[in-house]
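Read the structure below first, then the notes.
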């Protein structure tokens with residue numbers, strides 16, 4: 001039927017009109033499968049006719065739309081205001097518009113006077129048109145390809161104009177020269193039409209408003225529904241923007257619904273217009289005043305026919321059919337020439353099939369080989385993964401060992417620091433004890449000399465007294481012996497008188513003289529014994545008086561010797577001077593990593609005595625404070641308290657909460673620089689400990 005229709009067009013066309021199939025423009029059309037007219041019985045004319053829509057493979061089939069903008073602003077006038085720089089034309093919608101169905105409906109009035117042979121076809125065509133008009137009487141707005149908005153800046157007479165259009169028929173009204181036609185010109189120019197074809201200027205520069213250097217046009221197109229153009233890229237609307245200037249710059253921008261530039265290529269704009277079927281050069285779509293005036297005033301039948309063919313796109317369709325006919329003829333000629341090649345091609349096909357089987361077998365072997373290679377590779381991978389797992393376990397073990405060694409090293413470092421400090425403290429204490437020991441040794445030597453002298457004097461006195469007593473005893477014995485001898489002699493003389501009487505008397509006198517001498521010697525010894533006794537008593541009293549001092553100094557010496565010995569024995573054990581659990585407590589604190597700021601303690605570890613003579617007084621003043629710990633926050637306080645309870649440290653060391661900022665003791669120390677304070681005789685190497693002792697012990 002299509003070929004018959006075009007044959008009738010060619011027969012009834014004016015003699016000066018010819019159609020040349022030179023273009024490959026694509027269009028949807030309704031066709032039947034036959035190329036000749038089919039005669040129908042008049043009895044079947046009233047029956048329903050099925051219409052089959054066939055679409056060309058060259059382009060998409062999209063609905064055609066016609067719309068005219070209706071914009072009324074300020075009483076229905078659309079006038080650009082140069083002073084305000086802002087014109088907004090509000091859109092109004094008509095009650096019912098004209099909706100074009102996807103199927104093309106062709107009406108050919110020039111065929112009415114054709115001979116009776118074509119009468120049934122004309123009647124069927126009329127029935128088809130009436131049926132479609134009844135089915136599509138309601139006009140429904142499309143979801144895609146509808147122009148929603150036109151925007152102009154510095155274009156022709158408009159400084160800034162934005163017109164929002166409805167989805168159906170729109171009307172733009174206004175005074176002459178207010179810029180109504182400029183809106184249509186802006187629409188066509190923005191969508192790619194050249195300035196020369198608009199009859200509004202020779203080029204784009206002539207369309208820029210006087211006094212301005214550049215102009216901007218933008219057309220917003222709806223992009224919704226199933227027929228949307230690349231909705232994942234553009235969204236629900238597409239904005240085509242064109243910028244041009246007097247310097248010759250000219251460019252396009254395609255923006256998505258978020259006003260982001262997607263493309264700047266003209267080819268993409270052409271694809272968009274082709275997708276939506278927006279033909280700017282089609283007079284049915286865009287009819288300017290000049291074209292309408294020219295068509296109404298001076299068009300000939302030939303021009304009208306051209307206008308009809310062009311407006312309904314039958315020229316493009318005819319050109320497409322001619323191209324397809326030419327291609328079909330070429331294909332048929334090629335098929336006829338290649339028919340003799342079929343046996344040879346079949347032979348080649350069989351050979352190729354045999355080679356294909358061989359190649360498939362080879363490919364199968366190759367796949368098996370590749371599978372074996374892959375399995376071998378994966379076996380190696382599995383083996384390497386096992387090795388990697390073993391090495392990973394070894395690495396984990398090594399890392400654990402390293403962590404343990406690091407912890408041991410940290411503990412050893414802490415222990416070493418403590419030992420080093422204890423060593424320095426021990427050396428200082430030993431030197432102090434040696435310094436204290438020197439005067440004590442001197443006093444001890446002097447006391448020992450006095451004691452030895454007194455003891456020698458007492459011993460000498462005792463010896464002299466013993467000798468005197470022996471002499472007295474001997475003298476008394478001699479006196480007794482002499483008296484006894486004298487009595488014996490007197491008795492013997494009395495009994496016997498003789499020549500020996502005179503000798504005996506002389507002997508008696510000698511004995512008397514000896515007795516007197518012995519008595520005199522006894523008297524002298526008695527006097528000397530009294531002096532010696534008094535000297536002995538004085539020496540004993542001096543000994544008793546010196547004994548307490550001597551005992552005290554002996555005890556001090558022994559204590560110093562014990563301290564020195566203990567210090568030498570405990571060298572390298574910084575916590576031996578504290579309670580037994582202290583070293584384990586410090587180790588537990590160092591091993592715990594949850595502290596916000598690690599507690600400091602015991603405080604005595606950070607305190608050194610500069611003047612040992614104050615040691616007893618300072619020990620009595622501090623008491624158990626030097627075994628205490630210092631933290632900086634309540635969280636660490638609770639953690640340390642829980643640590644004491646978990647390990648059953650009894651009695652628990654005291655915990656202080658302090659601040660690490662150094663306290664200023666200026667003006668709080670004694671004015672006399674010669675006076676010692678606890679703070680001045682101590683060396684405290686930790687600010688928290690120093691602050692705590694100042695606040696709680698007033699050491700300044």
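Numbering (UniProt numbering), first residue to last: 1 to 700. Heads up, the beta-carbon is just placed ideally off N, CA and C, and yes, glycines get one too.
Alpha carbon to alpha carbon, how far is residue i from residue j?
{"i": "residue 186", "j": "residue 304", "result": "27 Å"}
{"i": "residue 660", "j": "residue 558", "result": "42 Å"}
{"i": "residue 705", "j": "residue 459", "result": "Not covered by the structure: residue 705. The range shown for the chain is 1 to 700."}
{"i": "residue 764", "j": "residue 548", "result": "There is no way to answer for residue 764, as the model of the chain reaches only from 1 to 700."}
{"i": "residue 162", "j": "residue 329", "result": "53 Å"}
{"i": "residue 508", "j": "residue 545", "result": "54 Å"}
{"i": "residue 473", "j": "residue 456", "result": "25 Å"}
{"i": "residue 363", "j": "residue 337", "result": "37 Å"}
{"i": "residue 448", "j": "residue 416", "result": "44 Å"}
{"i": "residue 269", "j": "residue 233", "result": "14 Å"}
{"i": "residue 701", "j": "residue 464", "result": "Missing from the structure shown is residue 701; the chain here goes from 1 to 700 and no further."}
{"i": "residue 123", "j": "residue 334", "result": "41 Å"}
{"i": "residue 242", "j": "residue 292", "result": "27 Å"}
Going by the CB atoms, is the gap between residue j and residue i shorter than 9 Å?
{"i": "residue 208", "j": "residue 181", "result": "no"}
{"i": "residue 738", "j": "residue 155", "result": "Because the chain in this structure spans residues 1 to 700, residue 738 falls outside the shown range and cannot be described."}
{"i": "residue 277", "j": "residue 192", "result": "no"}
{"i": "residue 247", "j": "residue 221", "result": "no"}
{"i": "residue 585", "j": "residue 651", "result": "no"}
{"i": "residue 190", "j": "residue 168", "result": "no"}
{"i": "residue 225", "j": "residue 142", "result": "yes"}
{"i": "residue 158", "j": "residue 177", "result": "no"}
{"i": "residue 639", "j": "residue 594", "result": "yes"}
{"i": "residue 604", "j": "residue 631", "result": "no"}
{"i": "residue 553", "j": "residue 444", "result": "yes"}
{"i": "residue 475", "j": "residue 521", "result": "yes"}
{"i": "residue 663", "j": "residue 694", "result": "yes"}
Give a single yes or no on whether residue i has its beta carbon closer than 8 Å to a heavy atom of the ligand HEM.
{"i": "residue 320", "result": "This structure simply doesn't include the ligand HEM, nor any ligand for that matter."}
For residue i, does the three-state DSSP call read helix, strand or coil?
{"i": "residue 365", "result": "helix"}
{"i": "residue 139", "result": "coil"}
{"i": "residue 239", "result": "strand"}
{"i": "residue 175", "result": "coil"}
{"i": "residue 681", "result": "coil"}
{"i": "residue 690", "result": "helix"}
{"i": "residue 622", "result": "helix"}
{"i": "residue 193", "result": "coil"}
{"i": "residue 305", "result": "helix"}
{"i": "residue 650", "result": "coil"}
{"i": "residue 665", "result": "coil"}
{"i": "residue 701", "result": "Outside the shown range of the chain (1 to 700) lies residue 701, about which nothing can therefore be said."}
{"i": "residue 282", "result": "coil"}
Could you pull the start and end residues of the beta strand (DSSP E) that residue i belongs to?
{"i": "residue 204", "result": "Here residue 204 belongs to no beta strand (DSSP E), and DSSP marks it neither H nor E."}
{"i": "residue 158", "result": "158 to 164"}
{"i": "residue 608", "result": "607 to 609"}
{"i": "residue 215", "result": "214 to 223"}
{"i": "residue 656", "result": "655 to 657"}
{"i": "residue 145", "result": "144 to 155"}
Grab me the residues of residue i's own chain with a C-beta within less than 6 Å of its C-beta, minus the 5 sequence neighbours each way, in chain order.
{"i": "residue 255", "result": "239 and 261"}
{"i": "residue 76", "result": "Caution is warranted here: a pLDDT of 37 is assigned to residue 76, below 50, making its placement in the model unreliable, and the coordinate value is therefore given only provisionally. Once the five neighbours on either side are set aside, the close Cβ partners of residue 76 are 173."}
{"i": "residue 701", "result": "With the chain covering 1 to 700 only, the question about residue 701 has no answer from this structure."}
{"i": "residue 649", "result": "581"}
Return the chain-ordered list of same chain residues with a C-beta closer than 8 Å to the C-beta of residue i, the five sequence neighbours on each side being excluded.
{"i": "residue 394", "result": "none"}
{"i": "residue 696", "result": "625 and 656"}
{"i": "residue 514", "result": "478 and 482"}
{"i": "residue 199", "result": "288 and 290"}
{"i": "residue 578", "result": "602, 604 and 627"}
Which residue marks the beginning of the alpha helix (DSSP H) containing residue i, and which one marks its end?
{"i": "residue 246", "result": "Note, residue 246: premise wrong, no alpha helix (DSSP H); not H, not E."}
{"i": "residue 314", "result": "314 to 338"}
{"i": "residue 640", "result": "634 to 646"}
{"i": "residue 589", "result": "582 to 591"}
{"i": "residue 229", "result": "It is not in any alpha helix (DSSP H) - residue 229 carries neither H nor E in the DSSP assignment."}
{"i": "residue 269", "result": "266 to 276"}
{"i": "residue 298", "result": "289 to 298"}
Please return the same chain residues whose Cβ sits closer than 7 Å to the Cβ of residue i, not counting the five positions on each side in sequence.
{"i": "residue 57", "result": "With a pLDDT of 34 at residue 57, under the threshold of 50, the predicted position of this residue should be treated as unreliable, though the coordinate-derived value follows. The answer is none, since no qualifying residue turns up."}
{"i": "residue 686", "result": "600 and 606"}
{"i": "residue 47", "result": "A caution first: residue 47 carries a pLDDT of 36, below 50, which makes its placement in the model too unreliable to give a value."}
{"i": "residue 411", "result": "587 and 590"}
{"i": "residue 717", "result": "Missing from the structure shown is residue 717; the chain here goes from 1 to 700 and no further."}
{"i": "residue 188", "result": "198, 280 and 286"}
Using a beta-carbon distance below 9 Å, is residue i in contact with chain B?
{"i": "residue 245", "result": "Within the model displayed, chain B is absent; a lone protein chain is all it includes."}
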